[in-house]
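First the structure, in the form of structure tokens, and then the observations on it.
Residue numbers (UniProt numbering): 1 to 140.
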């Protein structure tokens with residue numbers, strides 16, 4: 001048997017860990033999700049890491065080929081379960097970066113002025129720093 005699990009197996013393990021963390025949060029009282037400072041550098045780092053996954057949701061011809069980038073962190077929570085878990089609500093806005101020529105990076109892409117078209121997405125982050133592993137999923 002192969003000692004290196006395939007990508008689908010890793011995805012299933014990630015989803016099982018995420019599901020277990022949600023169940024434990026719901027039924028474990030004080031051991032559940034705890035608020036964390038939404039404007040901390042760590043939370044903003046996760047928000048920017050989620051940009052490719054969020055933009056994958058809008059990759060059809062009916063959407064402009066402009067990156068959505070984090071505009072504001074609305075809420076952030078954390079819980080430890082087999083690593084650091086974060087649930088982050090992020091408001092994304094239209095940037096000045098074209099998907100055809102740019103890479104969306106913090107400091108390079110900025111929100112368009114008078115931008116009133118915001119999308120709110122919740123991301124889940126599962127981080128195991130001791131393994132140098134971070135998994136990000138867009139859940140809504």
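Ideal Cβ positions, reconstructed from N, Cα and C, are used throughout, including at glycine.
- Residue 82: not part of any alpha helix (DSSP H); DSSP gives it neither H nor E.
- Going by C-alpha positions, residue 53 is about 15 Å away from residue 87.
- Distance from the CA of residue 107 to the CA of residue 14, rounded to the nearest whole angstrom, comes to 31 Å.
- In the structure shown, residue 104 adopts coil according to DSSP, grouped into three states.
- The criterion of a C-beta distance shorter than 8 Å is satisfied by residue 38 and residue 75.
- Taking C-alpha positions only, residue 91 is separated from residue 12 by approximately 28 Å.
- Secondary structure note for residue 42: its alpha helix (DSSP H) is the uninterrupted segment 41 to 49.
- The alpha carbon of residue 115 has as its nearest neighbour, out of 50, 19 and 70, the alpha carbon of 70.
- By the criterion of a C-beta distance shorter than 6 Å, residue 139 is surrounded in its chain by 122 and 124, once the five residues flanking it on both sides are discounted.
- Residue 61 has its alpha-carbon roughly 34 Å from the corresponding atom of residue 41.
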